[in-house]
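A short worksheet on the structure shown next.
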Amino acid sequence: MIIAAAAMAPVLALTGTALADPVAPYAQAVVRVTKTGAVVSSKGVIKVTRVNVGKYCIYLDRRISAARSVPIATLQAGADRGSEIYASTDSIYCGAGSNTVLVYTGTNGQAANQPFFVQVP
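Take a look at the structure:
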């Protein structure tokens, strides 16, 4: 009887474990953005605005501090050849607050609108 109870214990412990969120389970926030600044899909993101050519502000849920993380920005496959991307958590373009990420995109050293992904781990 004791052996049977011990054998069942791991099963009970496993069934009580919560599953990770299937949408970006290990990220606080993620977003897929088009060249125009439209959000294709997201998690933990309130809105995205294109403030100028190649400059996008990503506004995160108020509970997420981008300033306490290291945001990762990546160009999508549809970006022009020779494109680059940069991310910053300290920006005058996006207003005061620790829950914003500024993304710069460009091509050949000039500001240009490009599609991208951002993850805030």
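Letter by letter, the sequence shown follows residues -20 to -1, 1 to 101 in mature numbering (1 follows the signal peptide of the UniProt record, and there is no 0).
Here a beta-carbon is modelled for each residue, glycine too, at the ideal position from N, C-alpha and C.
Here the structure is a predicted model, which means the values were calculated and not measured.
- Judged by beta-carbon spacing, GLY34 lies within the 9 Å limit of ASN93, meaning their Cβ atoms are closer than that value.
- Assignment of beta-bridge partners to CYS37 by DSSP yields THR29 and LEU82.
- Taking 9 Å as the cut-off, the Cβ atoms of VAL10 and LYS23 count as close.
- Nearest neighbour of ARG42 by Cα position, chosen from ALA59, THR69, THR14 and ILE26, turns out to be ILE26.
- Counting the other Cβ atoms within 10 Å of the Cβ of SER21 gives fewer than 16, which makes it exposed.
- Taking a C-beta distance under 9 Å as the contact criterion, ALA53 and THR80 do not qualify as a contact pair.
- Per the coordinates, the alpha-carbon of GLU64 lies some 10 Å from the alpha-carbon of PHE96.
- Per DSSP, the continuous beta strand (DSSP E) segment holding GLN99 begins and ends at 96 to 100.
- Short of 7 Å from the beta carbon of CYS74, and not among the five residues preceding or following it, lie these beta carbons of its own chain, in chain order: CYS37, THR80 and LEU82.
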